Amino acid sequence: MSEVVVEDLTKKFGGNTVLDHVSLKISAKEYFVLLGPSGSGKTTLLRLIAGLEEITSGSIFIGDRKVNGMSPKERNVAMVFQNYALYPHMNVFDNIALPLRVRGMTKDATARKVKEVAETLHIHSLLEKKPKQISGGEQQRVALARALVRDPTVFLLDEPLSNLDAKLRVEARAFLKKLQKEVGITTIFVTHDQAEATTMATRIAVLNRGNITQVDDPYMLYSRPNDVFTAGFVGSPSMNLVRGVARRSGEGWEFHNDDLDLKLGGTAFDREREVTLGVRPEQLTVSKGGGGLAGVVSNVELLGSVSYVTVNVGKTSFTVQLTGRPELEIGDRAMVGLRPETVLFFDESSGERIEGSAT
Amino acid sequence: MRLSKTLRVGLVLALPIIVYFLIFFIYPIALLFDEAFTTAGGVLTLANFQRMLNDPVLQTSLQNTFFYFIGSLGLEFFVGFGVAVLLYNYVGRLKALFRTLIFIPLMVSPVVIGLVWVLLLNNQYGPIDYFLRVLGLPSMNFLGSLSLALPSIIVANGWEYSPFVFLIIYAGLITVPQQLYEAAAVDGMSRFQAFRYVTFPSIRGVMLVAFLLDAIGVLKGFDLIYVITSGGPGYSTYLLSFYAYKEAFVYFQTNYAAALSLLFLAIIAAFVTMVLKFTPVEEYLGIRRAKQ
Amino acid sequence: MKRPSVLASIVFILLALVSLFYLFPLYWTLVTSFKFDDQIFTYPPVFLPSSIDFANFFQSSAVAHATSQTAIGSIPWMIDSTVVAITATLVSTFLIAAPAAYSLVRFLRNVWLGRLILFMTMIPEVVFMVPFFTLDAQLNLLNSWWGLALVYLSLTAPFATWLMMGFFNDVPKTVEEAAEIDGLSPYQIFYRISLRLVTPGLVAAVLLSFIFCWNELLYALILTYSPYPTGAETVPLFITSFLITDKSFAWGGLAAAGIFIMLPTIIMGIFAQKYLARGLTLGAVKG
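Residue numbers (this note's numbering), protein chains in the order written: chain A, -7 to 351; chain B, 388 to 679; chain C, 179 to 465.
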């Protein structure tokens, strides 16, 4: 059980900088998620921690040890790959036993440990079978077993749920979370699926093109995103992001673009500037009449208990969340209501959230 | 000297082949150069190469080799490709049987084949001659004729190696996804158009490989000549390979033979370079370095 | 019950004709092996022999010709061929080609090395016949099993390496990385994981190499001069010895010997057709 510290880590492939001076502190026993779109560097970061790639500059510490240059074996990490990477020519028992055999464990001790882990993961009935004879979900558990059988210090997972169908994925999420808590091992999990991240993680690091934009627990990430990218990436459907200008209006401030003017009650800015306004679908309302921003319904999506209605206010569109069935149809006129205190503002050029702008 | 781990492991694994390379490639080439540039007495000279310039037997050999090359490749491709297309379009229970049968000639020793063809082509007792006469055509002395000997060898060679071309092309044909043909059908293409626009582009890489491998095989041609005609009649079936052999081990002119060997090597190198330049063969050969 | 179309019938007929074309020489060999001179040197040629007589195969004194010219006389040569072919094949495939191919695909990734291997497979035998003779003479290995087997490495190793490169390239890197994380050294990964995942390639390499060594003529011709037990003459030389020694050609015995000699490779080929087809096409077919 160890903590993992990444210090000012940079990784370049040829002239291409994939990770740019990244730093992280992951506590022991945490379920830590690296979240980001493809190409963000999250898998590279994981592989650097594993020891599968070489560091260009910076350091990695596992526990108290600096592990730069150490082979994966010396780091005592375990990894589960996206395609599980089971040994096709060996049966499940041998797959799980291999790491132990390589370390010189006796046959009996190995057999005992393998059976133990297999029971924990409910695969003890599959020990004689070959990987191609078992289902995707079962293969994944074999991969987990192989990783855990060695009592590693850190547990690394590279998008292990991507190959499962939707229903299995939900089951696997709960399973992994429970497993991690029971075993109590420091876990680093890579995914591009923000729902996966927010449901499983104790803390999440969001990566965008080689940089960490924010490290926080899921709730903070959701309600207090640091920048435009994170705001748009976390949460589904994504936050409504509207570009415009914050300017004075009489004694207060207003947000203005070609399609709308929004009076901001208690909000204040240090100066007039171009901003992006962000507001989540569930913080908006939409109705046929009443006050708010006038627009036309362009899309209605029914999801069962909630629905999403998209309204075009001029060229600006807002997606609004409703419970139950909406009474609106495409083409209807509608009013979008929002409360200024729920709105976030991001600086247009830097993308960062403007502090104090939401009360 | 600290080598990176990658390099170290790579070299250790490659050690056997490096040793092999030094002993069976570098050293022999050195020997060749040594032999080619000296006389029998050990004196350094260019005489061997000068001799090559005025050697009528060499000229004939080169001409024959060229003719043999074109003829063999043409025949093998024509038959191999045709049979592959035929079998691909054949739908029936005997498919596997045909495939096995067509495969067999490849396994047979060229030496045996050579002698069998001598029998077949015999103009007194051979069955081929018999067929000709039955059809009313004149009896022909295949192996004794200056003009027919080399073509006969080409046919014999074609018999043995056209299945090679067939195998490669056939394997290429069966990997073309059915969906492409279905899309073509929906687009209203006739069978010939489908062949031209779907099949042909898909198997271009395979055809290239077949061509390259077959070309090399043909250039090596020695066994059949030795067994069937021994270069005759006259010099009409002398190939460069056979000529070099005779010079070295029948007339013991090892110096000249070494020079001829170097010439042969140069021709191969030129041929391969030309082919590689005009086509990205490596990508097709499973060494996908282009994807990095 | 669908009536077969005209086109389908034509295809079938053509295929049947092609098969006949490929089979006929083999058939003729078989038929000749059952004949004696009286049925061979006649016109019109005999297509169906009157009786099936195995004399040319087994009898020690077949009609008017010496023992050495019957099929069974070829056994000393077959012993040589078997030993040489197996040795050369195993050494070149497992000792040389497999590790080299793996190294080139995972460690020493260099376009020029790959091209070099390719070039080496394309060198005709004749080019090195003089140096190899010298080499064997220097090592005192003329007319010996090792002498021939070592030289055959030059014919089999480059091709086998090239072949295996394609197969090793198809092994998923993640499986090897999982092994690395599990604690295996690169050599262990090669031997316990990667090598086990390329069996079709190994089979193809072994079979193709064996067939090649079995049928090879030139090097056997120049490097050996007597059969087992004194020397290492291989099977093709048994056949060619018919040519030189006896101008009156014991055709019946020759045909019988031919059949005898062809059998191992044909049987091998039929059983391993799947592997061979894949091996010959290498990675040429983009799967």
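All C-beta atoms in this analysis are idealised placements derived from N, C-alpha and C, irrespective of residue type, glycine included. The model shown is predicted, which means the values in this text are computed figures rather than measured ones.
- In terms of beta-carbon proximity, Met97/A stays away from the interface with chain C, with every pair separated by 7 Å or more.
- From the beta-carbon of Phe5/A, no residue of chain C is found nearer than 7 Å; the closest lies around 15 Å away.
- Rounded to whole angstroms, the separation of the alpha carbons of Leu168/A and Leu160/A is 12 Å.
- The alpha carbon of Asn68/A has as its nearest neighbour, out of Tyr76/A, Gly43/A, Tyr300/A, the alpha carbon of Gly43/A.
- If you compare the alpha carbons of Asp421/B, Thr452/B, Met527/B with that of Phe306/C, the shortest gap goes to Asp421/B.
- Counting C-beta atoms within 10 angstroms of its own C-beta, Asn509/B has 16 or more neighbours from the protein chains shown and is therefore classed as buried.
- Taking C-beta atoms as the reference points, Tyr23/A and Ala193/A count as a pair closer than 7 Å.
- Leaving aside the five residues that flank Glu274/A on each side, the residues in its chain whose CB is nearer than 6 Å to its CB run, in chain order, Gln313.
- Across the region 301 to 334 of chain C, CB contacts with chain B closer than 9 Å involve Ile301, Pro302, Glu303, Val304, Val305, Phe306, Met307, Val308, Pro309, Phe310, Phe311, Thr312, Leu313, Leu328, Val329, Leu331, Ser332, in sequence order along the chain.
- Runs of the alpha helix (DSSP H) lying entirely within the region 77 to 106 of chain A, each at least 4 residues long, are 84 to 94 in chain order.
- Between the C-alpha atoms of Asn544/B and Ala644/B there is a straight-line separation of about 25 Å.
- A distance of 7 Å or more separates the beta carbons of Val84/A and Ala135/A.
- For a cut-off of 8 Å, the C-beta gap from Ala450/C to Leu400/B is around 27 Å, too long to register as a contact.
- Taking a beta-carbon distance threshold of 7 Å, Ile359/C counts as an interface residue toward chain A.
- Counting along the chain, no alpha helix (DSSP H) covers Asn304/A; the unbroken beta strand (DSSP E) around it starts and ends at 298 to 305.
- Setting aside the 5 residues that flank it on each side, Tyr205/C has no residue in the same chain whose C-beta is closer than 7 Å to its C-beta.
- Shown in chain order are the members of the region 348 to 376 of chain C whose Cβ falls below 9 Å from a Cβ of chain B: Asp348, Ser363, Pro364, Tyr365, Phe368.
- In this structure, Val14/A is the residue among Ala20/A, Val14/A, Asp56/A, Lys21/A with its C-alpha nearest to the C-alpha of Leu38/A.
- By alpha-carbon distance to Gly306/A, the top candidate from Thr205/A, Leu276/A, Ala326/A is Ala326/A.
- Residues of chain B whose Cβ lies closer than 8 Å to the Cβ of Trp206/C are, in chain order, Val503, Leu506, Leu507, Pro514.
- When 7 Å is used as the limit between beta carbons, Asp610/B is near these residues of chain C: Leu395, in chain order.
- Where Ser241/A is concerned, the enclosing beta strand (DSSP E) starts and stops at 232 to 241.
- For chain C, none of the residues of the region 438 to 460 of chain B brings a beta carbon within less than 7 Å of one of its beta carbons.
- Contact with chain B is absent for Ser419/C, since none of that chain's Cβ atoms lies less than 7 Å from the residue's Cβ.
- Under the three-state reduction of DSSP, Phe529/B is assigned to coil, being neither helix nor strand.
- At a cut-off of 7 Å between beta-carbon atoms, Ile400/C makes contact with chain B.
- Its Cα nearest to that of Gly469/B, the residue Ile556/B stands out among Val521/B, Ile556/B, Asp442/B.
- By the Cβ test, the region 514 to 524 of chain B is not in contact with the region 437 to 447 of chain B, since fewer than three Cβ pairs between them sit closer than 8 Å.
- Taking 7 Å as the upper bound on Cβ-Cβ separation, chain C lies near residues Ser628, Ala631, Tyr632, Ala635, Phe636 of the region 627 to 640 of chain B.
- Membership of Gln131/A in the alpha helix (DSSP H) is indicated by the continuous run 128 to 140.
- Those residues of the region 194 to 225 of chain A placed with their C-beta closer than 9 Å to a C-beta in chain C do not exist.
- One thing to note: Val498/B has its Cβ within 7 Å of the Cβ of Asp610/B.
- The region 115 to 130 of chain A and the region 178 to 192 of chain A do not touch, with fewer than three beta-carbon pairs separated by less than 8 Å.
- When DSSP states are grouped into helix, strand and coil, Asn544/B belongs to the helix group.
- When C-beta atoms of the region 437 to 444 of chain C are compared with those of the region 248 to 263 of chain C, three or more pairs fall below 8 Å, so the two segments count as touching.
- Neighbourhood of Gly397/B in chain C, by CB distance below 7 Å: Ser281, Phe285, Leu286, in chain order.
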